[in-house]
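Heads up, the thing below is written out as structure tokens.
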Amino acid sequence: MNNFIFQNTTKLIFGKGSIASLTTEVPLDSKVLLTFGGGSVQKNGVYNQVIEALKDHHTIEFWGIEPNPTIETLRAAIALAKQESCDFVLAVGGGSVVDGSKLIAAGALFDGDAWDLVRKPSLYKSALPMAAVITLPATGSEMNRGAVISNKATKEKFSFFSNYPVFSVLDPETTFSLPPYQVACGLADTFVHVIEQYLTTTGQSPLMDRWAEGILQTIIEVAPKIKENQHDYESMATFMLSATMGLNGFIALGVSQDWATHMIGHELTALNGITHGHSLTIVLPGTMWILRGEKGDKILQYGKRVWGIEHSDREVAIRMIIDRTEEFFRSLGLKTRLHENGVGQETIDEIKKRFTERNLHLGENRSVDAHVAGEILDAVK
Ligand code: NZQ
Ligand code: ZN
């Protein structure tokens, strides 16, 4: 196990009716910028609950943070936060609203263009306190420091790291209104977050391994129940907590991580508009197959413990495990090949070009360069 220092400062407020806690959690003397997406929270009653809880607070609203939040939209929100001298940001929505709000909170205290904060991490110094009411289990953004920001003009998508949310409210009932496609993408995203922190090498930490395998098995168990009844509170609560636990740092203590699948997936979203979770179900099978040399032992452990798959021929076992993983993604209603989503050779070529220009070497062994990324994509054409 590697050395580590761990401190996650987000307070989690979980359960039915928990949006009412905003009344006491948001400082009464603050001027709050409330941030929203495209309107789902108005249809499902979340907006009314937030406004009711904050009726004695001073609030300003910003609407229109889109899926894969763009710098173009966030610049307008930052200008509003500055103009109104807001000193607290409360995001209400999915991961995109929460991610975007992390950049808004940082941008409000930054003199230059917020895109520079994304591209040059050393420029980041501080941010307004921000908190979240999350309505889509997937990203873990409610309890991590990450955000992923897109640039519409250049068709790029990059990560940005800020502070942890001060608190996050998770009411599973808010997820009842999610479109089934977003639920599928959220389940896939959660699954692949765990995989990217687990599917490296064996023997690093038995505790992290069992914890990660536990979340994977939980997602596999709960997915069909959710498909059958998305209004089942216990199933949605389990999914919601799994998503948070999948990317709040808890399962990454002292172990190496990968993230190559995510970085390639981000390019598919930036270039072809594929929904984040769906980009991962396409790339992961390719990553597993092309990197079976270095990841083989861990793939076999994953196959045996999570799926009960064993075979005397190592190569056959690995193929069976990848096929089973793909079957799971397909059971969610998602695809696992580029052509099924209309992605052709020109996208693969562009991703290889970008990886070369950025001199990227991804994965736990830094072995995924432009050439290997191309091989991964070729494997899932
Ligand atoms: O915009 P509104 O109208 O609110 O609708 C949203 C949006 O259209 C809708 N939605 C959200 N909650 C709903 C709902 N509809 C009905 N009922 C509800 N309860 O769902 C649509 C998608 O929302 P979005 O926020 O884009 O989805 P998600 O939470 O999957 O976030 C995706 C973004 O997060 C980034 C992704 O790259 C992508 O940009 N990620 C962030 C991470 C992080 N911060 O750590 C890690 C992840 O790997 C990921 O990269
Ligand atoms: Zn993700």
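The sequence shown maps to residues 745 to 1125 in the working numbering. Each residue gets a CB set at the ideal place from its N, CA and C atoms; glycine is no exception.
Check: residue i C-beta below 6 Å from any heavy atom of ligand 2
{"i": "residue 800", "result": "no"}
{"i": "residue 1002", "result": "no"}
{"i": "residue 933", "result": "yes"}
beta-carbon residue i near ligand 1 non-hydrogen atom, thresh 6 Å
{"i": "residue 910", "result": "no"}
{"i": "residue 811", "result": "yes"}
{"i": "residue 990", "result": "no"}
{"i": "residue 880", "result": "yes"}
{"i": "residue 976", "result": "no"}
{"i": "residue 784", "result": "yes"}
{"i": "residue 833", "result": "no"}
{"i": "residue 890", "result": "yes"}
{"i": "residue 926", "result": "yes"}
{"i": "residue 895", "result": "no"}
{"i": "residue 843", "result": "yes"}
{"i": "residue 921", "result": "yes"}
{"i": "residue 1085", "result": "no"}
{"i": "residue 1031", "result": "no"}
{"i": "residue 883", "result": "yes"}
{"i": "residue 1069", "result": "no"}
{"i": "residue 945", "result": "no"}
{"i": "residue 1056", "result": "no"}
{"i": "residue 906", "result": "no"}
DSSP-derived helix/strand/coil call for residue i
{"i": "residue 931", "result": "helix"}
{"i": "residue 749", "result": "coil"}
{"i": "residue 787", "result": "helix"}
{"i": "residue 799", "result": "coil"}
{"i": "residue 901", "result": "strand"}
{"i": "residue 1108", "result": "coil"}
{"i": "residue 804", "result": "strand"}
{"i": "residue 836", "result": "strand"}
{"i": "residue 1079", "result": "coil"}
{"i": "residue 794", "result": "helix"}
{"i": "residue 685", "result": "Since the first and last residues shown for the chain are 745 and 1125, residue 685 lies out of range."}
{"i": "residue 1126", "result": "Nothing in the structure corresponds to residue 1126, since the chain is present only between 745 and 1125."}
{"i": "residue 919", "result": "helix"}
{"i": "residue 946", "result": "coil"}
Exposed unless 16 or more other CB atoms sit within 10 angstroms - verdict on residue i
{"i": "residue 1057", "result": "exposed"}
{"i": "residue 879", "result": "buried"}
{"i": "residue 1060", "result": "exposed"}
{"i": "residue 1067", "result": "exposed"}
{"i": "residue 1083", "result": "exposed"}
{"i": "residue 797", "result": "buried"}
{"i": "residue 926", "result": "buried"}
{"i": "residue 753", "result": "exposed"}
{"i": "residue 1025", "result": "buried"}
{"i": "residue 922", "result": "buried"}
{"i": "residue 975", "result": "exposed"}
{"i": "residue 772", "result": "exposed"}
{"i": "residue 856", "result": "exposed"}
{"i": "residue 718", "result": "No statement about residue 718 is possible, as the shown extent of the chain runs from 745 to 1125 and does not include it."}
{"i": "residue 905", "result": "exposed"}
{"i": "residue 840", "result": "buried"}
{"i": "residue 1107", "result": "buried"}
{"i": "residue 951", "result": "exposed"}
{"i": "residue 1006", "result": "buried"}
Any chain B beta carbon closer than 7 Å to residue i
{"i": "residue 749", "result": "Although the question refers to chain B, the structure presented lacks it and comprises just one protein chain."}
Chain-order list of residues whose beta-carbon lies under 6 Å from that of residue i (same chain, five-residue window excluded)
{"i": "residue 888", "result": "991 and 992"}
{"i": "residue 834", "result": "776, 778 and 875"}
{"i": "residue 802", "result": "775"}
{"i": "residue 873", "result": "832 and 910"}
{"i": "residue 1022", "result": "929 and 1078"}
{"i": "residue 918", "result": "790 and 879"}
Opening and closing residue of the alpha helix (DSSP H) in which residue i lies
{"i": "residue 1023", "result": "1020-1034"}
{"i": "residue 1075", "result": "1058-1075"}
{"i": "residue 890", "result": "No alpha helix (DSSP H) contains residue 890, which is instead part of the beta strand (DSSP E) from 890-895."}
{"i": "residue 871", "result": "Where residue 871 is concerned, there is no enclosing alpha helix (DSSP H), given that its DSSP letter is neither H nor E."}
{"i": "residue 861", "result": "858-863"}
{"i": "residue 985", "result": "977-990"}
{"i": "residue 1118", "result": "1114-1123"}
{"i": "residue 995", "result": "Careful: residue 995 lies outside any alpha helix (DSSP H) and carries neither H nor E."}
{"i": "residue 882", "result": "Note, residue 882: premise wrong, no alpha helix (DSSP H); not H, not E."}
Segment limits, beta strand (DSSP E) that includes residue i
{"i": "residue 715", "result": "Residue 715 falls outside the range modelled here, since the chain spans only 745 to 1125, and no answer is possible."}
{"i": "residue 770", "result": "Element bounds for residue 770: n/a, residue is neither H nor E."}
{"i": "residue 874", "result": "874-878"}
{"i": "residue 1097", "result": "Looking at the DSSP string, residue 1097 is not in any beta strand (DSSP E); the run it does join, the alpha helix (DSSP H), is 1089-1101."}
{"i": "residue 775", "result": "775-780"}
{"i": "residue 755", "result": "755-758"}
Cutoff 7 Å; reference residue i; Cβ partners in own chain excluding five residues on either side
{"i": "residue 1113", "result": "1099, 1104 and 1105"}
{"i": "residue 1030", "result": "1120, 1121, 1123 and 1124"}
{"i": "residue 1118", "result": "1092 and 1096"}
{"i": "residue 785", "result": "791, 836, 837 and 879"}
Close-in-space but distant-in-sequence residues of the same chain around residue i (CB under 8 Å, 5 per side omitted)
{"i": "residue 959", "result": "934, 938, 986, 989, 990 and 995"}
{"i": "residue 1055", "result": "1061 and 1064"}
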